[in-house]
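So the structure is just underneath, and the comments pick up after that.
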Amino acid sequence: MKYNVPTPKRQVAMVLDLNKCLGCHTCSVACKKLWNSDDGTDYTYWNNVETMPGKGYPAQWPQTGGRTATGEVKQGELPNLDNAYGRAWTFNNKAVLATDQASKKKEWLRPQESPTWGPNWDEDHGAGQYPQENHYFYLPRLCNHCEKPACLDACPRQSIYKREEDGIVLVDQDKCHGYRFCVEACPYKKVYFDHQRQVAAKCIFCMPRVEEGTAPACARQCPGRLRFVGYRDDKDGPIHKLVDKYKVALPLHPEYGIGPNVFYVPPMSPPKLDDQGRPLDEMRISMSYLENMFGKAVHGAMDTLLAERDKRRQEQPSELMDLLIAYDWNESFKLDGKTREVI
Amino acid sequence: MTQPNNDQQMDRRRFIKLSGASLAVAAGTGLPMLHLRSAHASVPGTGQAKTSGKLNNWEDLYRDRWTWDKVAKGSHGWANCRSHCEWDLFVKNGIVVREEQTATYEQSESAVPDFNPRGCQKGACYTEVMYGPSRVTVPMKRVGDRGSNKWEKISWDDAIDEIAHKMIDIAKVHGPSTIMQDLGPNFDHGGSTLGRFKFLMKTGGTFSDMWAEIGDLCVGTAMTVGFAHTGGTADEWFLSDYIIVWMMNPAVTQMSDAHFINEAKYNGAELVVIDPHYTATATHADQWIPPESGTDAALGLGVARYIWESGHADWDFVKEQTDFPMLVRTDTQQFLRGSDLEEGGDRLQLYMWDTGAQALYAATGCEGGDNPKLTLEIDPAIEGSFEVTLKDGQSVTVKTVGTLIKEQLDHFSLKETSRITKVSEEQIRVFADGFAKAKRPFLLSSWGSNRFVHADLMYRTRILCLALKGAIGKRGAGFSTGGFFDMGGFGSQLQQEHEGLYGRLAMMAGVLDGDDLFNLVVDIVKQRKAPEMYAHDMASAGEKKVVCRSTMANEYYNHQGIKETLDKESAKIYKRPLEDYHKEAGEKGWKEDMSGPPKIFFTGGSNLIRRTNQTGRMLDTFWPKIDLAVAIDKRMSFTAMHCDYYLPAAGWYEKSGIKYTMAYTPYLHYCDAAVPPLGESKDEWEIHWMLSKRIQELAKEQDLPVMDACGKIEVDWKKLHDQYSSHGLFGAKDIEKVTQTILDDSPNIAGVTIAELKEKGIAKFRSTGENIQPTNQYNPDWDGDGVLTSMTLFTKHKYRWPTYTGRVQFYIDHPWFIEAGEALPVHKASPKAGGDYPFQMVSCHCRWSVHTTWRDIPLLLRLQRGEPVMYVNVDEAKKLGIPDGDFAELYNDLGTVYMRIKHTTMVRPGVAYYFHAWDPTQFPNHKNYKWLTPGIPKALHMAGGDGQLHFGINHFQLGSYVQDTRIGIRVVDQSVVAATDARPDAGRPAVGQSQKPFMLRETRA
């Protein structure tokens, strides 16, 4: 590491259970309404939901970035606004509302930018031959608030820091000069450029809410109830149990080498069919695809999930299944009360 | 003969209470669509202002963003979605800046997950609609031609005065029942909708139901169990061990409840999703079964046969609760009736075969006879053929319904089922075997499943599978089509003009004639019905007597100039001409028509022209017949664009209301006014208050005579406002008071005050209500605690089902059904509506909007493609040569429209799949796919006469079905589409092609 990043006293983290995601984007909208309605960040989604397999948002991330085996930050590429992110399209609502329905030529309501890409462009596209193998799943993404953030090291002005009290990674909006090295360096492409204020901006893990013991909006507003929030070191909390005890929650692309603090329970899927339409003993989302995404640990995670689910089929108890069911939804979030002293 | 039980007895007090509420509700609530814990301080909205503590740190930039002046409790009360969610509305500087779920629901039981947090991405940004691009907040009058979008601002007083004058002039000539309102979205259970409906009712206007028209009415359920919609709380799904999602996509259409399905999987349940398309729900399935679109009835029959033969059928249930033991004459195909056996015998008395006595047995529980219970004292034959001597000495062979069904099922071997459905035998076997062995199978099927012309057959076969398993009205098993909690107070207030008992009695006197009263007294004395059913039946009778009613599908047939097209389409299904069915139904009083074409049209927030089939005919034939079209809406919809007046309604966070009370959660959801109505807008209670007042003044001035409305009732507009305002009890600004009165009059929620609701947002129901609507739960035991299971009135308490046979009924001996070959559940191929073209055009309720609301919001359009898209399987699209995102030409016998194609792997080849409710203005030429849908009706749904087959709002009625539509898709020169645009593309930056990085700074420091 270029900078000496002290290990935070505590690390706040999130687990997302992909077996419960509905692809509804309530998380994205909740986040956007709360933090990102300004002109300069109009195209950004600190939280987004991707249909996988797919190009994602920004398209074809990461285009490198992250760290080498020796810990050096790799240079990446800046995504293009139109081809990779998709501009915040503007619409001709006014003109449409003024259109005489009797006129021969009419303007219809549409983006004024003739877009070719956007944050959810390949929604429900997926991959595979119908009906044997066609499949997709939803992947909600946010900043991973990494142990060894590449963005932090990439900044020549030391504008990015990891908070000691909760490990949240923040871009100092006063210090940042908008060089965008952090945008390049983040392999998850979760740092964005505010083109109005000319600074970098990213997910703050709803830091003001966490300070008051309230879960981030993307987690608390999720109707699929797939997000768990808490501290890594809380042995009684959901994060420790899912990540460390049962090892069913895994970081996305661990090979990027920067230690995400956002974890995913990998998705099960219905069986493939053979060319006669008979079900096979193989899930639609191949394990090799999942391995590519979550690393080798995904095999063990999947085995555990299936085994614990089998227990419940036999009407036996399973702490893991109970946890993922989230009988009492409030228990999904284990944050401390006010951690911030307000002066 | 079993003796009636004491629990049927009904005292006079209860009788008055029920009858008072019931007949009114038929017209009111019976029109649904008429269509803290703070353990972790997870609840941000405390109602208090929150300011940020300034730390003089840049982080305060963000801390300050999460502050507010005030929090109000709200819900999206008028959205026509089936969810109901509790939200905190955050107000800052007089503006509602954002919303977040309150999430204070409790677990129904420790064994099931709680309901938190409920909500969706649309609810999370209603503020974008509220302050959105099509919001209009001033009254306007059209100054150009209809649809010219040339408007002039007008004062409220002038608008009301002009509309009142025109209404009187038109009513004088055409009668008041030519006032029409299509019952649809923008419906709640509070004062605003009450105002809308009370005005319509007191003027003598026609309630025109559109539930079947839009293909959302579960007609097949009504045929089978006697009511269209029922279903308990959504947490019941969690208790199932075999969840079958069949013709539903809850991950998209019921986001706030979908988690129960995925959590049931973790609880050990098997999740089966049957859908031709790999939907968001299917991605989580254990079994995804993709049948050929429209072959679901065949699959159901194949599965039913498998269950029958599996040794896992519940024959005790089948004997007691279904019509399997009923005897049918093989010569006439009619049920064997009392009137067949002896002179003067009761034609409503049906028979079983007593295997012990080897003799006929007069079935209890059917419409004839005095015993309303299903409890069996004999062992009836499920299968068998018997000789019976009729009253004239003739001997006929009778068979049990069970035998007839068995004969029918014999055609559906796995092989044959596989041939029709294109699902492999092995996959069907795995599914059917799991179904047969399951302890608690639960079927989830939604309103959109009714959009095939033969969707009723699909429902009948699927209920057949459940009945064979005894999986109806049983905790954790059964089906949900979406039931409601009864809001009795809404119905009472709709009709009542006076307070209290006097008001109720006066209302009853207006409806109950001697015959009604006599029948009711006899029923009560003889204890012939379940107490729950008195109210239900009276509601039905009341609706028939005092409400001018029709259905939109019927009025389209009469007035849209589409008879010829529909006759042609109908000929693909039935030999007998459609017109014949209309004629016979009219003559026999099975259907009700408006007295003439609609002359005055109020759109109360629904979007008629957007949703109509054959939109071209709507615009050039139906619409011009209307002399006065008034839009009362919060936004300029496509329909509002074609109106004469636009009256701005207050938006959803701007008025008091109650989200319509579906039973998915056991809570009532209150909508508070977080801010005053925007601009000059007013809530609907006040708008109709003003309008009724002005009409009454003018009627008095002109001494307007009492008018006949649809031959049922007489209306006196000289008293209109007195009636509307309950003789001055409710003032113009009294919407909250009206809403409180509705609560007070609803026994299952009475005692809850608006003041409490403003604090808490929700209140728990204490019972399912009086079960007056045809959409209730029929669970007399539920008292607010625990998971709510529906239909236990029949399965546990053994009361007769409200069907002709008194049972879950699979055999319908109506002459039309026999003639059409649909007496039994059968599979019939989907007719090629619109012509023989290669693609079936299938619509689904949408992820990104609730009908047209939210459809034009940039925030959400940016998370789609900004424009409507037709989903086509990627391989097929490539074969057609249509690149992803290009416009294509969609065509059939009805015309041509342009739409962008989206490639996907989720859609079955041969299907063009779209998520519905795109506005016509979002298409080139402002023409959407609806120009291509004939809206094929099913003539049999006009049948009437016996039992459950009777026309009723929300119950059983003519509809129009879109899912059978066929289209062709072909490449179109993109410049041809661009040429239809008023603003040519030439001047626009070809942004998509730009390779230039967007960064504004060219160099790095």
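Line order of the protein sequences matches chains B and E.
Numbers given in my numbering equal positions in the first sequence, counted from 1, plus 294.
Numbers given in my numbering equal positions in the second sequence, counted from 1, plus 677.
Ideal Cβ placement from N, Cα and C applies to all residues, glycine included.
A quick note: this is a predicted structure, and the numbers were derived from the prediction, not measured.
Within its chain, find whatever has a CB closer than 6 Å to the CB of residue i; leave out the 5 residues flanking it on each side and keep chain order.
i	result
B/Cys-377	The residue you asked about is not Cys; residue 377 of chain B is Asn in the sequence shown. Excluding sequence neighbours, B/Asn-377 sits near Trp-411.
E/Leu-1037	Tyr-1028
E/Phe-1278	Met-857, Ile-1303, Ala-1306
B/Arg-599	Per the sequence shown, the amino acid found at residue 599 of chain B is Leu instead of Arg. Taken in chain order, the residues that qualify are Val-542.
E/Met-1164	Thr-706, His-866, Thr-1338, Ser-1423
B/Cys-497	Trp-340, Leu-436, Cys-437
E/Val-950	Val-922, Thr-958, Ala-959, Ala-962, Trp-965
Taking the CB atoms as reference points, tell me whether residue i and residue j lie closer together than 8 Å.
i	j	result
E/Lys-1068	E/Thr-1007	no
E/Leu-1536	B/Lys-326	yes
E/Gly-1147	E/Val-815	no
B/Asp-569	B/Gln-426	yes
E/Phe-1167	E/Ile-856	no
B/Leu-584	B/Pro-560	yes
B/Asn-313	B/Pro-434	no
E/Thr-619	E/Leu-976	What the structure shows of chain E is the stretch from 678 to 1682, and residue 619 of chain E is not part of that stretch, so it cannot be assessed.
E/Ile-1059	E/Thr-1472	no
E/Leu-1243	E/Ala-841	no
B/Ala-444	B/Arg-526	no
B/Leu-316	B/Ala-511	no
E/Ser-1122	E/Trp-923	yes
B/Cys-470	B/Ile-552	no
Comparing C-alpha positions only, which one of the options sits nearest to residue i?
i	options	result
B/Val-465	B/Glu-458, B/Gln-452, B/Tyr-337	B/Gln-452
B/Pro-352	B/Thr-338, B/Ser-322, B/Val-390, B/Arg-361	B/Thr-338
B/Ile-462	B/Arg-491, B/Ser-408, B/Arg-503, B/Pro-450	B/Arg-503
E/Asp-918	E/Lys-1114, E/Ala-981, E/Gly-1328, E/Lys-1475	E/Lys-1114
E/Asp-835	E/Leu-1004, E/Asp-1200, E/Ala-959, E/Ile-1372	E/Ile-1372
B/Asp-332	B/Ala-382, B/Ala-448, B/Gly-350, B/Lys-349	B/Ala-382
E/Asp-991	E/Glu-1102, E/Ala-1144, E/Met-900	E/Ala-1144
E/Asp-1462	E/Gln-1071, E/Gly-868, E/Glu-786, E/Pro-1502	E/Glu-786
B/Asp-418	E/Ala-928, E/Trp-735, E/Arg-742	E/Ala-928
Contact check, residue i vs residue j under 8 Å by CB: the rounded distance?
i	j	result
E/Tyr-1455	E/Ser-1444	Going by Cβ atoms, the distance from E/Tyr-1455 to E/Ser-1444 rounds to 12 Å, so no, they are not a contact pair.
E/Ala-908	E/Thr-1158	First, the residue type needs correcting, since residue 908 of chain E is Gly and not Ala in the sequence shown. At roughly 6 Å, the Cβ-Cβ gap stays under 8 Å, so E/Gly-908 and E/Thr-1158 are in contact.
E/Met-1547	E/Leu-1571	Not quite, the Cβ-Cβ distance comes to about 16 Å (not below 8 Å), so this is no contact.
E/Thr-956	E/Met-1583	7 Å
E/Trp-764	E/Gly-809	Not really, about 18 Å apart at Cβ, beyond 8 Å.
E/Lys-1395	E/Leu-1406	No, E/Lys-1395 and E/Leu-1406 are not in contact; Cβ-Cβ is about 19 Å, not under 8 Å.
E/Phe-1119	E/Phe-1442	22 Å between Cβ atoms; not a contact.
E/Trp-755	E/Gly-1438	With 8 Å as the limit, E/Trp-755 and E/Gly-1438 do not qualify as a contact, their Cβ atoms being about 16 Å apart.
Suppose the cutoff is 7 Å on Cβ atoms and the five residues either side in sequence are ignored; what does the same chain contact list for residue i look like?
i	result
B/Asp-528	His-534, Lys-628
E/Ala-1500	Gln-1010, Tyr-1488, Ile-1489, Asp-1490, Phe-1494
E/Thr-1316	Thr-1280, Asn-1284, Leu-1285, Ile-1286, Arg-1287, Ala-1308
E/Ala-1230	Ala-889, Glu-890, Pro-1614, Leu-1635, Gly-1636, Ser-1637
E/Val-1639	Gly-892, Arg-1128, Asn-1290, Ser-1520, Thr-1610, Gly-1612
B/Asp-311	Leu-520, Val-559, Leu-618
Might you give, ordered along the chain, the residues of its own chain that have their beta carbon closer than 8 Å to the beta carbon of residue i, omitting 5 neighbours on each side?
i	result
E/Leu-708	Residue confidence for E/Leu-708 is low, a pLDDT of 29 falling below 50, so the modelled location carries little weight and cannot support an answer.
B/Gly-594	Lys-541
B/Met-615	Glu-602, Arg-603, Lys-605, Arg-606
E/His-717	Because the pLDDT at E/His-717 is just 38, under 50, the model does not fix this residue reliably, and the value given afterwards should be weighed accordingly. Contacts found: none.
Note to self: Give the list of continuous beta strand (DSSP E) stretches no shorter than 3 residues that lie fully inside the segment 1382-1410 of chain E.
What the structure shows: 1384-1386, 1390-1392
Check: Can you list the beta strand (DSSP E) stretches of 3 or more residues lying completely in the segment 445-509 of chain B, in chain order?
Finding: 454-456, 463-465, 485-488, 493-496
Next item on the list: Return the chain-ordered ranges of every beta strand (DSSP E) run that is complete within the segment 1272-1312 of chain E and spans a minimum of 3 residues.
Entry: Within the segment 1272-1312 of chain E, the complete beta strand (DSSP E) runs of at least 3 residues are 1277-1280, 1305-1310.
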